[in-house]
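Comments concern the structure below.
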Amino acid sequence: MDDTDAKTQERFERLKKILRSMESVVIAYSGGVDSTFLAKAAKDELGDGSLAVTARSETYVQSEFEQAKRLAETWGFRHLVIETKELEYPNYARNPVDRCYHCKSGLFSELKRVARQQGMKWVADGSNADDLKDYRPGLRALQELEIRSPLREAGLSKADIRTLSRSLGLETWNKPAVACLGSRFPYGTEITLEKLSMLERAEIFLHGLGLSQVRVRHHDSLARIEVLPGDIQRLSEPGLREKVVQAFKEIGYVYVALDLQGYRTGSMNETLDSPKRAETT
């Protein structure tokens, strides 16, 4: 075991200790890399003292929901599905710069209700140590509602979590990053069911081409496609390019653009300057 592995293992042991001290916990479980790892660790340490809860909503991609259910069954998580309607949360649909705050506030209020009903002591999310490096207005909601983030508390980074997930046999260890469909809209653009449907159909189409990591950013009548840099040339090839354009026009977009910078998390935050971020954090 090299020095990096030793440090990762040390942080993993710290996570186990944190979970045991919590005694019982409801986990916000989406089926992504972080929440799946946290759910597995909590099950191993707490058994029936852990409950993975998936919130099904208009902004949650159906294929992700199906995978979350399958993983929960495979690994034997205690699993509960609840329905949430983000578009009905105050201020969410109008998509302000702190949209994520309104989403998390509504979601975790529901999870705290579940915890009370189930007699569980804590509610936890899958935030990791790297999440402090980006604009994350949702963290304010977690603080206000006293939601725990055991992965972050243990100092586990995304790289740590992928390494540990692989050692545990979790197929999510190399899963691409996933975010809610609301993150595809420029701030200030109203989020509607029709637009969410367009986005989901467009991304399903791109995944069907064998692209592992994609984002379709919704700019009214224009779709801006982000893919990994290595896939940009492929999408630029005449035959495939024409196929993508035709499919997107059938979905309802008038213009189709390929972002030459490629996929990156939080690209919609690039319009925010530092003072703006400080105001909304």
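Sequential numbering of the sequence shown, starting at 1252, is according to my numbering. The C-beta atom is built at its ideal place from N, Cα and C for all residues, glycine as well.
By the 10 Å Cβ neighbour count, where 16 or more other Cβ atoms means buried, how is arginine 1435 classified, buried or exposed?
-> Position 184 of the sequence shown, counted from the first residue, corresponds to residue 1435. Label assigned to arginine 1435: buried.
Which residue spans inside the segment 1271 to 1331 form an unbroken alpha helix (DSSP H) run of at least 4?
-> The qualifying runs are 1284 to 1297, 1313 to 1326.
Threonine 1443: buried (16+ other C-beta within 10 angstroms of its C-beta) or exposed?
-> As a working mapping, residue 1443 is identified with position 192 in the sequence shown. If you draw a 10 Å sphere on the C-beta of threonine 1443, you find fewer than 16 other C-beta atoms in it, and that means exposed.
Starting from the N-terminal side, write out each stretch of the beta strand (DSSP E) that is 3 residues or longer and does not extend beyond the segment 1392 to 1416.
-> List check, beta strand (DSSP E) in window: nothing returned.
Can you tell which of Lys1336, Leu1393, Leu1302 has its C-alpha closest to the C-alpha of glycine 1327?
-> Stepping through the sequence shown from its first residue, residue 1327 is reached at position 76. Of the listed residues, the one whose Cα sits closest to glycine 1327 is Leu1302.
Would you report the Cα separation of asparagine 1342 and glutamine 1318, rounded to the nearest angstrom?
-> Walking along the sequence shown from the start, residue 1342 turns up at place 91. Walking along the sequence shown from the start, residue 1318 turns up at place 67. Straight-line measurement puts the Cα of glutamine 1318 at about 30 Å from the Cα of asparagine 1342.
In this structure, does DSSP put glutamate 1441 in helix, strand or coil?
-> Taking the first residue of the sequence shown as 1, we reach residue 1441 at position 190. DSSP places glutamate 1441 in coil when its eight states are reduced to three.
Is alanine 1366 helix, strand or coil when you go by DSSP?
-> Numbered from its first residue, the sequence shown carries residue 1366 at position 115. Reduced to three states, the DSSP call for alanine 1366 is helix.
To the nearest angstrom, how far is it from the Cα of alanine 1430 to the Cα of leucine 1460?
-> Residue mapping note: residue 1430 aligns to position 179 of the sequence shown, counting from 1. Residue mapping note: residue 1460 aligns to position 209 of the sequence shown, counting from 1. For alanine 1430 and leucine 1460, the distance between alpha carbons rounds to 20 Å.
Per-residue burial, glutamate 1454 [other beta carbons within 10 Å of its own, 16 or more giving buried] | Here residue 1454 corresponds to residue number 203 of the sequence shown, with the count starting at 1. Looking at its Cβ environment, which holds 16 or more other Cβ atoms inside 10 Å, glutamate 1454 is buried.
With a cut-off of 8 Å, do at least 3 Cβ pairs link the segment 1305 to 1315 to the segment 1407 to 1420?
-> Taking a cut-off of 8 Å on C-beta distances, the segment 1305 to 1315 does not touch the segment 1407 to 1420, as fewer than three cross pairs fall below it.
Sorted by chain position, which residues of the same chain lie with C-beta nearer than 7 Å to glycine 1503's C-beta, five sequence neighbours on each side aside?
-> For the purposes of this step, residue 1503 is taken as the residue at position 252 of the sequence shown. Met1449, listed in sequence order.
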